[in-house]
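Numbering (the working numbering), first residue to last: 85 to 283. First comes the structure, then the notes that go with it.
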């Protein structure tokens, strides 16, 4: 089967995803103001090579994300994570299908600074991994972050992901080189990890 043919068999993620405290859903253009309200904070970008974006850049991004929701096959899910009780956006959840034939994916997560250290990153990560291995039947899911981003590293460790290595000076931004640490999880490891957590 060709890669093009195999991609047509990729399922669509069932949304929204409901967790204990969160509703992980599609972005809409109504979220632009809420997203900009937290991404304009420089602390949100302290471990990123990019500068804090402008309001116009966020508007362009969210409008692009909304258009991509109709892609077929859809290989990128850039989602809002909102509190179930108030509807307030607390962060973002990302799942990329990198290689459908080899069943490879990548996760991403971000949390609004005022909600740091409340377990939201781990809650988002579990939801994305459950979807990746459950609905998409992926074999391997990876994640990357700056080696200085101890909070994101702790989240990936809490998700059961294992460190694979360090990509040295792999990105350039804000006048310096950035390295990236890589973590990953295989489908059998995820199944074992989740079964232990449920016991």
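Just so it is clear, CB atoms sit at the ideal spot from N, CA and C, and this is done for glycine as well. Quantities reported herein were computed from a predicted structural model and do not represent experimental measurements.
- Any idea what DSSP makes of residue 189, helix, strand or coil? Locating residue 189 in the chain shown gives position 105, where the first residue counts as 1. Looking at residue 189 - three-state DSSP - the assignment turns out to be strand.
- Query: Hey, residue 209 and residue 191 are a contact pair by Cβ (cut 8 Å); roughly how many whole angstroms apart?
  - Reply: Sequence index remark: in the chain shown, residue 209 carries index 125 (1-based). Sequence index remark: in the chain shown, residue 191 carries index 107 (1-based). Between residue 191 and residue 209 the Cβ distance is about 7 Å, and since that is below 8 Å, they are a contact.
- Message: Suppose you measure from the CA of residue 181 to the CA of residue 198; what does that come to, to the nearest Å?
- Response: What you label residue 181 is simply residue 97 of the chain shown in a count that begins at 1. What you label residue 198 is simply residue 114 of the chain shown in a count that begins at 1. Approximately 30 Å, taken between the alpha carbons.
- Whole-number beta carbon distance between residue 212 and residue 159, since they are thought to touch under 8 Å: For this step, residue 159 is matched to residue 75 along the chain shown. For this step, residue 212 is matched to residue 128 along the chain shown. That pair is no contact at about 14 Å.
- Task: Indicate the three-state DSSP secondary structure (helix, strand or coil) for residue 170 in the structure shown.
- Result: Locating residue 170 in the chain shown gives position 86, counting from the first residue. Coil.
- Spatial neighbours of residue 206 in its chain, beta-carbon cut-off 6 Å, leaving aside the 5 residues before and after: As a first step, residue 206 is located in the chain shown; it is residue number 122 there, counting from the start. Hits under 6 Å: 239, 242.
- Message: For the alpha helix (DSSP H) containing residue 148, name the first residue and the last one.
- Response: Taking the first residue of the chain shown as 1, we reach residue 148 at position 64. Start and end: 139 to 152.
- Message: Does residue 86 come out as helix, strand or coil in the three-state DSSP assignment?
- Response: Numbered from 1 along the chain shown, position 2 holds the residue referred to as residue 86. Reliability of the predicted coordinates at residue 86 is poor, the pLDDT of 44 falling under 50, and no value is obtained from them.
- Tell me the DSSP bridge mates of residue 109? The residue given as residue 109 occupies position 25 in the chain shown. Partner(s): 164.
- Query: Short check: CB of residue 173 to CB of residue 228, under 8 Å?
  - Reply: Start at 1 with the first residue of the chain shown, and residue 173 comes out as number 89. Start at 1 with the first residue of the chain shown, and residue 228 comes out as number 144. No, these two residues do not count as a Cβ contact at 8 Å.
- If we ignore side chains and look at the alpha-carbon of each, how far apart do residue 146 and residue 111 end up? Position 62 of the chain shown, counted from the first residue, corresponds to residue 146. Position 27 of the chain shown, counted from the first residue, corresponds to residue 111. Approximately 7 Å, taken between the alpha carbons.
- Item | Cα-Cα separation, residue 262 to residue 134 | Mapped onto the chain shown, residue 262 falls at position 178. Mapped onto the chain shown, residue 134 falls at position 50. Residue 262 and residue 134: Cα-Cα distance of roughly 11 Å.
- Alpha carbon of residue 184 to alpha carbon of residue 271, nearest angstrom: As a working mapping, residue 184 is identified with position 100 in the chain shown. As a working mapping, residue 271 is identified with position 187 in the chain shown. Their Cα atoms are separated by approximately 15 Å.
- beta strand (DSSP E) segment containing residue 227, residue limits: Counting from 1 along the chain shown, the entry for residue 227 is found at position 143. Start and end: 224 to 229.
- Task: Please report the residue range of the alpha helix (DSSP H) in which residue 214 lies.
- Result: Against the chain shown, residue 214 aligns to sequence position 130. Unbroken alpha helix (DSSP H) run through residue 214: 204 to 218.
- When DSSP builds the beta bridges, which residues end up paired with residue 262? The residue labelled residue 262 in the question sits at position 178 within the chain shown. Answer is 255, bridged to residue 262.
- Three-state secondary structure (DSSP) at residue 276? For the purposes of this step, residue 276 is taken as the residue at position 192 of the chain shown. It is helical.
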